[in-house]
Amino acid sequence: MFTFQPNCYAKVITVDGQKKIVIYSRRDINVNEEITYDYKFPIEDEKIPCLCGASTCRGTLN
Numbered sequence: 001m002f003t004f005q006p007n008c009y010a011k012v013i014t015v016d017g018q019k020k021i022v023i024y025s026r027r028d029i030n031v032n033e034e035i036t037y038d039y040k041f042p043i044e045d046e047k048i049p050c051l052c053g054a055s056t057c058r059g060t061l062n
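Be aware that the sequence shown starts at 1, since it is given in full-length UniProt numbering, and climbs by one per residue.
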C-alpha cells in the first residue's frame, strides 16, 4: 500500500546477475499492520494525482 509516511522502503538489488526489488522495514511492524511504502515514481509528463488526504501529501504520486 502507498503512503507518504511509510513503514518500509523498496530497494533494487542484483542477485545472480538479475535485478530484484526488495522491501525493507523502517521499524518494527506489528501483527496485522499493513506494509506501506512511498512508490516514488520517476518524473513523467503526466502527473498521477494522489487522493490519500494526508497532511504531508505531495499531491501526486510522481
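Where is the CB? At the ideal position from N, CA and C, for every residue including glycine.
- For Thr14: DSSP bridge partner residues: By 1-based counting over the sequence shown, the position of residue 14 is 14. For Thr14, which the question treats as bridged, DSSP gives the partners Lys19.
- Query: Relative to the C-alpha of Ala10, which residue among Glu46, Cys50 and Tyr37 is closest?
  - Reply: Walking along the sequence shown from the start, residue 10 turns up at place 10. Ranking Glu46, Cys50 and Tyr37 by Cα distance to Ala10 puts Tyr37 first.
- May I have the straight-line CA-CA distance separating Ala54 from Asp16, to the nearest angstrom? As a working mapping, residue 54 is identified with position 54 in the sequence shown. As a working mapping, residue 16 is identified with position 16 in the sequence shown. Whole-angstrom Cα-Cα distance: 40 Å.
- Message: If I measure Cβ to Cβ from Arg27 and keep anything under 8 Å in the same chain, skipping five residues before and after, which residues do I get?
- Response: Locating residue 27 in the sequence shown gives position 27, counting from the first residue. Asn7.
- Item | Distance between Thr60 and Glu33 (C-alpha atoms, nearest Å) | Position 33 of the sequence shown, counted from the start, is the residue given in the question as residue 33. Position 60 of the sequence shown, counted from the start, is the residue given in the question as residue 60. Near 24 Å, if we compare the C-alpha coordinates of Thr60 and Glu33.
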